[in-house]
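Residue numbers (the working numbering), protein chains in the order written: chain A, 1 to 417; chain B, 1 to 174; chain C, 1 to 968; chain D, 1 to 87.
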């Protein structure tokens with residue numbers, strides 16, 4: 001059934017009785033044309049675009065828990081296209097354009113809000129680096145505005161400009177950047193895929209990948225064996241374990257990234273703001289909670305919970321940057337498990353096993369990539385060719401050094417990106 | 001002929017005091033870091049014994065003028081000659097050294113230092129390489145209610161500021 | 001209404017109305033005493049709400065305190081203490097609490113079901129940001145921040161103990177007594193203003209005395225134990241790895257007296273005993289949210305502890321024996337009990353107030369205050385007039401902390417609630433009500449037993465002595481929701497009711513996590529403390545599963561909301577990072593130099609003079625000092641690492657691309673360091689002071705990084721090397737003296753004559769200044785005849801002043817970072833603007849510095865095909881058309897006639913300056929195949945600053961390419 | 001998280017710098033070839049369970065440690081000096 005204001009009113013008048021399940025819970029079939037392992041944002045969007053763009057509807061998404069339970073439901077919901085290295089630049093630009101039509105495409109309100117993103121900088125050197133980035137964004141056809149200190153003050157008067165350890169020199173303003181309601185993205189894609197015939201199978205853990213003679217044949221699951229000629233692995237946070245089922249060792253370490261939310265507050269932070277002298281970024285949700293985060297906890301972990309020193313560091317950054325925030329209270333903190341790669345950029349590629357594909361390594365930037373990642377991975381799985389805007393996300397770039405996308409310039413140490 | 005004037009690391013910053021707690025600057029005459037070369041610890045100890053009257057202290061300990069100063073390193077208050085036995089480096093000007101003393105000093109440090117400095121655990125001549133706020137420090141308990149804190153010279157002002165704020169926090173609790 | 005006249009009262013205000021309260025009592029009690037029932041508006045529907053609980057789990061009574069910058073929103077009136085002059089305001093209501101415009105939402109609530117917003121507001125596309133979202137955002141949120149800089153003090157602290165006891169109710173007090181008596185270091189923390197937990201709220205006896213007397217004696221004994229530390233007003237908010245606990249202390253007393261408001265504790269405990277008690281849960285009956293409907297145990301707390309009657313005629317509704325206490329306590333306090341309504345048929349109680357068994361509340365009346373309830377009883381309906389309904393749906397053990405390390409609680413059918421699973425948090429055990437143990441006698445016994453075990457594990461001997469106490473059984477028959485007309489509220493804070501959860505199930509949000517996220521159940525400030533179990537039960541029912549199969553959502557820290565100011569205490573303003581000052585700082589500030597951040601250091605930007613209008617004028621003048629006379633610059637911030645040992649030279653050969661073992665004593669060499677992945681890590685000069693003694697310089701930015709790197713090489717990769725490294729950055733104050741008159745200047749301060757023969761270019765050695773042993777290096781970062789002179793830091797300021805004074809006599813003076821930057825750009829010297837982490841030795845034209853005769857860090861990876869070759873962007877110089885054509889850093893480079901698009905971008909500028917020496921604008925840049933393109937005219941485009949220039953590609957060394965000036 | 005430094009005793013995580021898998025101790029030879037170096041620099045077992053990794057007691061004694069720990073439970077089993085492991 002289509003969603004609309006009219007439908008909401010109609011159902012309101014008739015006791016909400018007519019709303020149907022947003023997706024079905026089918027039993028797994030014995031065989032599909034393709035299987036997506038992982039019912040997160042990227043997996044669900046891959047399924048959606050396989051069905052929508054490539055007419056592949058006899059496919060299944062296998063999720064070991066409940067859909068949208070991984071990083072799509074644990075992030076700080078920022079959507080942006082402000083990269084500056086070739087490879088990333090065109091990909092995230094493409095992704096942002098897809099966000100801009102997502103609600104209409106999915107008939108689901110994911111509350112994508114282009115409230116603008118401001119990256120602050122605190123030295124001449126940082127300004128120069130941001131200028132290079134901003135110019136790259138405009139080269140790509142996206143938007144960027146370089147603000148000086150007074151320009152920042154107009155948008156963000158509540159920052160500490162005067163008595164602060166690292167004064168604000170200015171900011172790079174990305175008006176089309178913003179945020180979205182993260183869970184809704186997963187649900188919207190699930191609904192869209194389901195409507196096109198995709199089987200979304202929850203509580204179905206993949207325990208093995210069947211490979212014969214270098215060719216994928218299907219998967220073993222907690223709900224039995226399922227055959228398929230094409231299998232896509234899209235399991236951020238668990239990529240190493242699932243890839244190991246196919247005998248692969250990935251250039252990935254798993255790290256925890258924490259996020260925080262405060263109680264609901266009347267509107268006070270209109271933009272997405274990021275600090276330049278420490279990892280700290282913040283926005284305010286439509287419910288009024290301040291949603292913010294910082295750097296990863298730095299050590300490999302699958303625990304999905306964070307440590308105290310990093311929490312304190314994030315709060316330290318909040319207090320030095322915007323001391324008006326002090327009396328807001330943190331309600332909840334949580335952790336997501338990030339696939340950290342040696343250059344901080346993702347992987348969408350074939351594997352040495354024929355018919356087996358992998359989409360992983362999103363570090364902590366996966367949320368904004370959901371539409372384009374699914375679109376690109378679907379393209380690769382359906383056609384066997386890389387989608388142009390994602391063509392640089394190769395597995396072998398680390399070995400060869402060709403096409404590295406180390407935006408932070410921190411080198412091959414996974415946790416530094 | 002030029003004549004250079006010496007300034008201490010905490011010149012203009014110390015002393016400060018609040019209630020029973022005082023922070024003062026300590027001015028060691030000479031500080032030499034000593035990092036023995038492979039297999040030379042015993043020989044270094046023997047030489048030190050004759051130079052400054054103390055051997056290389058154990059981990060996290062001070063003996064006389066010899067303070068353990070981290071992995072394979074000691075800080076010696078006094079002149080030493082250990083040619084070929086150890087890397088000896090003049091550090092006399094590299095460190096701001098302050099003493100915090102008086103009842104309540106432990107409470108002040110408990111606001112800043114992530115280790116247990118209570119007297120039952122951290123006794124006289126115990127040494128810790130640790131943090132104080134965001135600073136890396138070396139803390140030694142020199143008496144019942146006195147701690148010596150070493151921080152890199154350039155950060156003396158931050159050290160004094162952090163101690164001052166913590167002292168006010170302690171005093172306000174009464 | 002107060003039951004007794006208080007001894008002392010103070011005046012506080014609520015929405016501007018002056019009220020009397022007892023100092024230290026909760027604002028909720030004082031409001032009640034003043035007959036105020038309506039205290040808040042709900043989040044979504046703006047329904048009138050009153051006080052519901054007597055603790056930190058409060059869902060309704062959130063208020064704002066203070067004015068201006070001190071405004072603090074979303075405080076719970078149930079834990080906020082009354083003090084003289086306290087200003088309390090209601091929130092989320094306009095224009096007033098009583099007449100709130102947004103209560104209109106309630107009228108349209110049928111259209112605002114769970115998740116309605118996912119289904120609409122999509123057309124037209126542009127309306128989301130412009131129309132729908134602003135309206136939604138304005139309506140959302142509870143209290144408001146002031147937007148002003150926080151003016152209050154907060155602090156953080158660490159504490160250590162053998163045993164942390166969390167919660168000082170009967171089990172906690174017994175645990176602390178037992179462990180304390182045994183000699184263990186104990187911290188007893190409780191979030192209340194006083195120790196005692198529920199014993200302060202109940203009419204009970206222990207050892208034949210009132211429980212409160214036993215509590216007082218216990219506190220006295222604990223206070224006398226030196227090894228016990230009691231922390232009231234301290235909520236343990238989180239459990240972390242290896243026995244680390246976070247706790248928030250609200251500091252009592254006068255804010256004006258300079259006391260911090262809160263202290264955020266990091267407590268490290270060898271063991272912890274969780275005795276956090278239990279929270280009573282509501283029953284979801286129709287319109288169960290009216291002001292005056294409260295938790296039954298809260299009613300007892302207000303009556304027994306605070307001496308306040310929550311109503312004149314109180315009805316009690318419950319599904320368990322515990323609710324009966326409320327009725328009995330009310331009667332004992334002389335308050336009329338309108339009815340005891342027990343949903344169970346078989347309950348056993350006799351009294352002289354009306355009792356309805358097998359009955360349920362099915363309707364309530366009263367908009368701003370409860371007026372009556374309707375019960376279904378004996379097949380009929382009956383209206384009971386009452387102004388306060390005490391409800392009890394049973395008790396939820398406070399298991400939260402046991403789940404902070406991903407533990408899941410276990411369903412216990414007997415008490416219809418979740419209890420902790422074993423081994424949830426390593427080192428933590430549970431006792432008392434949080435463990436599902438409810439009678440006072442059992443709590444005391446369990447607290448003592450658990451503490452005795454813990455003490456024994458830690459090597460202490462303990463004796464268990466448990467006092468006599470009441471041993472009532474707790475019988476419950478689950479009752480989650482009562483059907484009827486009107487919404488049955490579950491999460492009062494987020495306005496989630498039974499139908500919302502059923503709708504979620506209908507739409508296949510059947511997983512408990514989906515239900516939570518779809519309905520927002522449990523996502524409000526209380527994080528569903530009281531409501532989650534009810535919601536689960538309703539979901540279980542709607543999906544035809546049992547509660548254990550339905551499972552729970554995850555409890556995550558913090559247990560109560562924690563202010564950002566507390567967790568970030570000390571970092572506001574300059575406290576975020578240490579400040580590092582050079583020895584010349586005061587002298588530079590004395591010359592009005594703007595000081596800028598360089599890593600943690602402060603360095604002078606330039607030294608202005610009176611007649612100069614812009615920084616450029618000062619900078620040009622300072623560049624002129626160095627090119628024409630002599631300039632002085634403090635370079636102490638560069639990292640200096642002392643390297644000694646038999647294998648010191650071998651170490652350097654391994655960490656640098658080029659060779660240092662061949663360097664002669666008394667000489668300096670430039671070195672390039674790679675990361676193991678083949679990209680440039682840092683560069684700098686290293687001087688050989690002795691056969692086995694070197695001093696390495698690093699850039700200011702990379703000093704710490706390089707130190708860590710060297711230690712890594714020595715300890716983890718090459719422990720076979722016998723060498724030691726130690727930072728001497730702070731030991732030496734070091735100044736660059738640069739310019740044609742550098743030698744002349746130094747000769748005025750050095751004790752011995754400086755000659756070109758003794759000190760050729762790249763020489764180093766000892767040199768005394770005014771009798772002080774110093775070091776001298778003939779090195780140049782400006783391309784001029786230059787030295788760096790170092791003295792022990794105590795003499796730094798003095799030497800700086802002396803050098804500057806002498807320089808000024810010679811037509812020179814001090815120069816700052818701006819001039820330093822121009823000087824190095826003119827010479828094509830790189831900094832971290834160029835070696836930004838993605839550049840290779842090949843890129844910067846130093847490929848040949850990577851010795852092929854030896855291995856070094858980064859050698860193998862630098863040879864990867866992608867890291868070398870024509871396609872790489874290589875370091876070049878760019879020369880503008882003239883002095884009036886400024887270039888910008890961060891601009892991109894294109895072929896002359898190409899469009900400025902991504903596919904055409906061939907590089908970018910990294911450093912730019914106006915060169916007073918060459919009177920033109922210069923840039924250092926990276927350009928595809930740049931070294932082969934010297935002489936080519938290309939386009940520079942900066943969209944952000946709207947700069948388009950044609951520039952000529954050239955060698956990055958713009959000035960004195962043969963280097964004759966530095967050698968001369 | 002707390003790690004027991006062989007020099008300093010049990011310390012808070014905030015005193016330590018984390019580098020990554022302890023395989024970094026086994027540096028390949030210069031001419032080992034691209035694949036070996038690729039494995040060394042980039043590819044990881046990344047276990048969900050026990051692991052050995054390298055930590056630097058940066059705000060403490062300055063020792064590099066090999067820490068035996070569990071990535072799922074965060075249990076820290078053991079920490080030893082890297083130079084002893086290597087020798």
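Just so it is clear, CB atoms sit at the ideal spot from N, CA and C, and this is done for glycine as well.
Given the structure is predicted, the values throughout are model-derived calculations rather than measurements.
Below 9 Å on C-beta distance, what does residue i contact in chain B?
i: residue 79 of chain D; result: The contacting residues do not exist; residue 79 of chain D stays about 13 Å from chain B at best.
For a contact meaning CB atoms closer than 7 Å, what does residue i contact in chain D?
i: residue 59 of chain B; result: 7
i: residue 70 of chain B; result: 61, 62
Within the 7 Å Cβ cut-off, does residue i reach chain C?
i: residue 412 of chain A; result: yes
Using a beta-carbon distance below 7 Å, is residue i in contact with chain A?
i: residue 70 of chain D; result: no
Using the beta-carbon of each residue, which ones in chain C are nearer than 8 Å to residue i?
i: residue 62 of chain D; result: 711
Going along chain D in order, which residues have a C-beta closer than 9 Å to the C-beta of residue i?
i: residue 131 of chain B; result: 12, 14, 15, 59, 60
i: residue 859 of chain C; result: 30
Against residue i, what residues of chain A qualify as contacts under a CB-to-CB distance less than 7 Å, listed in chain order?
i: residue 240 of chain C; result: 307, 308
Say whether chain D places a C-beta atom closer than 7 Å to the C-beta of residue i.
i: residue 189 of chain A; result: no
How would you list, in chain order, the residues of chain A whose beta-carbon sits under 9 Å from the beta-carbon of residue i?
i: residue 503 of chain C; result: 16, 19
Is there at least one non-hydrogen atom of the ligand ATP closer than 6 Å to the beta-carbon of residue i?
i: residue 9 of chain B; result: Looking for the ligand ATP in the displayed structure turns up nothing, as the structure carries no ligands at all.
Under 7 Å Cβ-Cβ, which residues of chain B neighbour residue i?
i: residue 798 of chain C; result: 4, 5
Say whether chain B places a C-beta atom closer than 7 Å to the C-beta of residue i.
i: residue 974 of chain C; result: Only positions 1 to 968 of chain C appear in the structure, and residue 974 of chain C is not among them; the question remains open.
Could you work out which residues of chain C lie near residue i, taking near to mean beta carbons separated by less than 7 Å?
i: residue 52 of chain D; result: What residue 52 of chain D touches in chain C: nothing, since even the nearest Cβ is about 12 Å away.
Contact between the stretch 75-83 of chain C and the stretch 19-26 of chain C is defined here as three or more beta-carbon pairs at a separation below 8 Å; is this criterion met? Yes, since at least three Cβ pairs between the stretch 75-83 of chain C and the stretch 19-26 of chain C fall closer than 8 Å, the two stretches touch.
By the 9 Å beta-carbon criterion, what residues does the stretch 604-628 of chain C contribute toward chain A? Shown here is that no member of the stretch 604-628 of chain C has a Cβ falling below 9 Å from a Cβ of chain A.
Which full runs of the beta strand (DSSP E) of 3+ residues lie inside the stretch 72-119 of chain B, going along the chain? For the stretch 72-119 of chain B, whole beta strand (DSSP E) runs of length 3 or above, ordered along the chain, are 74-77, 86-90, 95-101.
With a cut-off of 8 Å, do at least 3 Cβ pairs link the stretch 480-488 of chain C to the stretch 535-547 of chain C? Yes, they touch.
Entirely within the stretch 251-329 of chain C and at least 4 residues each: give me those alpha helix (DSSP H) ranges in chain order. If we require 4 residues or more, the alpha helix (DSSP H) runs fully inside the stretch 251-329 of chain C come out as 296-300.
Looking at chain D, which residues of the stretch 388-411 of chain A have a Cβ within less than 7 Å of any of its Cβ atoms? Correct list: 398, 399.
Quick check on the DSSP output: what are the complete alpha helix (DSSP H) runs of length 4 or more inside the stretch 53-136 of chain A, in order along the chain? Fully enclosed alpha helix (DSSP H) runs of 4 or longer: 88-99, 102-106.
Anything in the stretch 663-696 of chain C with a Cβ closer than 9 Å to a Cβ of chain A? List those residues in chain order, please. Answer in chain order: 675, 676, 677, 678, 679, 681.
For a minimum of 3 consecutive residues, which ranges assigned as the beta strand (DSSP E) are wholly contained in the stretch 291-359 of chain A? Runs of the beta strand (DSSP E) inside the stretch 291-359 of chain A: 329-340, 347-350.
Any residues in the stretch 143-167 of chain A with a beta carbon nearer than 9 Å to a beta carbon of chain C? Which ones, in chain order? Taking a C-beta cut-off of 9 Å against chain C, the contacting residues of the stretch 143-167 of chain A are 144, 145, 146, 157, 158, 160, 163, 164, 165, 166, 167, listed in chain order.
So if I threshold CB-CB distances at 8 Å, which residues from the stretch 242-253 of chain C count as touching chain D? Per Cβ criterion, the list reads 242, 243, 244.
Using 8 Å as the cut-off, can you tell me whether the stretch 795-813 of chain C makes contact with the stretch 616-634 of chain C, which would need three or more C-beta pairs spanning the two stretches below that distance? Because the criterion of three Cβ pairs below 8 Å is met, the stretch 795-813 of chain C and the stretch 616-634 of chain C touch.
Inspect the CB distances between the stretch 898-907 of chain C and the stretch 12-31 of chain B and report whether three or more fall short of 8 Å. Cβ pair count under 8 Å is below three, so no.
Which residues, taken in chain order from the stretch 328-353 of chain A, show a beta carbon closer than 7 Å to some beta carbon of chain C? Residues passing the 7 Å Cβ filter: 328, 329, 330, 331, 332, 333, 334.
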